[in-house]
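A quick write-up on the structure given underneath.
Residue numbers (the numbering used here): -14 to 141.
Listed below in structure tokens is the structure:
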């Protein structure tokens, strides 16, 4: 199959950097561009609004969390884009908002390959992929490549 683009969902942490690096290696080998996706999961804002004691919550907590998530997302994307430049791979980054699985699936186009990390947990018969990787494997209309992260890395 001729891939046109590799989508790499990214998040905070060393695991994400390892997945990004592996996805970029594949992109470099296939000579295709990469798109990093960072999703500001709306679930966090939802949980912040559910407290039964609104007076206990600072007035601007949701705004502060949203600004912090924007900053973290932008920095994560900037770091991954710098790695892509260093590796000689054409890349862009998109900051999305919503539930991670649905937001990522909305960005998928024909000719894409999704590269996502999976945890090295569970038994040999029933490995734990993590909910995002599992959801992408079940629902993505394009191929999904999972990057197995070592047990020590997955627990970091």
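Beta carbons are placed, not taken as given, at the ideal position from N, Cα and C, and that holds for glycine.
All figures in this text were calculated on a predicted structure; none of them were measured in a lab.
In the DSSP assignment, the alpha helix (DSSP H) including residue i goes from what residue to what residue?
i           : result
residue 83  : Residue 83 -> not in any alpha helix (DSSP H); beta strand (DSSP E) instead, spanning 76 to 83.
residue 57  : 46 to 72
residue 142 : With the chain covering only -14 through 141, there is no way to say anything about residue 142.
residue 118 : 116 to 124
Buried or exposed: where does residue i fall if 16 or more other Cβ atoms within 10 Å of its Cβ makes it buried?
i           : result
residue -7  : buried
residue -10 : buried
residue -13 : exposed
residue 116 : exposed
Measure the CB-CB distance between residue i and residue j and report whether it falls below 8 Å.
i           : j           : result
residue 22  : residue 50  : no
residue 24  : residue 100 : no
residue 133 : residue 103 : yes
residue 126 : residue 98  : no
residue 85  : residue 26  : yes
Quick check on the DSSP output: the beta strand (DSSP E) that includes residue i runs from which residue to which?
i           : result
residue 25  : 18 to 26
residue 102 : 97 to 103
residue 190 : Only positions -14 to 141 of the chain appear in the structure, and residue 190 is not among them; the question remains open.
For my contact list, residue i and residue j are in at a C-beta cut-off of 8 Å; report their separation, rounded to the angstrom.
i          : j          : result
residue 66 : residue 6  : That belief does not hold up - the Cβ atoms of residue 66 and residue 6 are roughly 13 Å apart, past 8 Å.
residue 79 : residue 92 : 7 Å
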